[in-house]
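What follows is a short report on a single structure.
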Amino acid sequence: MTSIYTKTGDGGDTGLHGGGRVGKEDVRVDAYGQVDELNACLGVARAEGLGAMDVLAGTIQDQLFTLGAVLATPSGSKAEATIPKVKPEWATQMERAIDRFDEELTPLTTFILPAGTKASAALHLARTVCRRAERRVVPLLREGKVGGEVIVYLNRLSDLLFTMARVANLRANVKDVPWTPVKS
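Just so we're aligned: 162 in our numbering is position 162 of the sequence shown, and the numbers increase by one with no gaps anywhere.
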C-alpha cells in the first residue's frame with residue numbers, strides 16, 4: 001500500500017506535475033493551492049444544499065480540478081500534453097447560467113453583504129477565494145506561464161458564484177442583506 005505521506009516536502013519544496021521541484025511559496029504552487037481551496041469552499045456550499053444548482057456546482061468542481069492540473073504543470077514539460085485543458089466554452093456556459101439566474105433576480109440598487117442562508121454565505125466565501133485565486137494567477141499570465149483562458153475562467157466564475165449566492169437566498173425566501181454604511 002502506498003502511503004499518503006512521502007516526506008519529500010519536509011524541506012519546504014514540492015514537485016510539479018511533469019517534473020521539477022520548487023519552493024512551496026512559489027507563485028505557481030500558491031495559485032493552484034488557491035484553486036484547491038476554492039474547490040473545497042464549493043464542497044462546503046454543496047453540503048449546505050444548493051438544490052437545483054448542485055449539478056452546476058459539481059461541474060465547476062470538476063473544471064477546477066482541470067484548472068489546478070494546468071496550474072501545476074509547467075509549460076513545455078512532458079506532462080503538459082497529457083493533462084486536460086481549460087476550455088473557453090466553460091466561460092461562455094457560465095455567462096449563460098448567469099443570464100438565466102438574472103431572470104429570477106431583481107436588479108441590485110445597492111451593495112449587499114455576504115449573508116443570508118448558509119448556502120448563500122458559503123457561495124460568497126467561494127467567490128472571495130475565487131477572486132484571490134485570480135489575483136494569484138495574474139503573475140503567471142504576465143510571465144506567459146498560463147494562457148488567458150485561465151483568468152477568463154476565474155473572472156467569470158466569481159461573477160457566477162455571486163449570482164448563485166443571490167439565487168440561493170431568493171429560492172429560500174431570504175432577502176439579500178443591503179449594505180448600510182455606518183454614519184459617524
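All C-beta atoms in this analysis are idealised placements derived from N, C-alpha and C, irrespective of residue type, glycine included.
Please read all numbers here as calculations on a predicted model, not as lab measurements.
- Inter-segment contact for the stretch 34 to 52 and the stretch 91 to 103 is absent: fewer than three beta-carbon pairs are separated by less than 8 Å.
- Every alpha helix (DSSP H) stretch that sits fully inside the stretch 88 to 115 and reaches 4 residues is listed by chain position as 88 to 102.
- Judged by their CB atoms, Val177 and Ala121 are not nearer to each other than the 8 Å cut-off.
- Of the candidates Ala81, Leu157, Ser75, the residue whose Cα lies closest to the Cα of Glu143 is Ser75.
- Annotation for Met53: no alpha helix (DSSP H) segment contains it, and DSSP assigns it neither H nor E.
- Under the three-state reduction of DSSP output, Val167 falls in the helix class.
- A straight-line Cα-Cα distance of about 45 Å links Ile98 and Met1.
- In terms of Cα proximity to Pro181, the closest of Glu134, Glu89, Leu161, Thr110 is Thr110.
- Secondary structure note for Val129: its alpha helix (DSSP H) is the uninterrupted segment 118 to 142.
- Taking a cut-off of 8 Å on C-beta distances, the stretch 41 to 52 touches the stretch 123 to 131, as three or more cross pairs fall below it.
- Between Thr117 and Ala172, the C-beta gap is smaller than 8 Å, which places the two residues in contact.
- Just so you know, the alpha carbons of Cys41 and Ala119 end up roughly 11 Å apart.
- Taking each of Leu56, Asp26, Val44 in turn and checking the Cα distance to Val129, the smallest one comes out for Val44.
- In this structure, the straight-line span from the alpha carbon of Thr73 to that of Leu161 is close to 26 Å.
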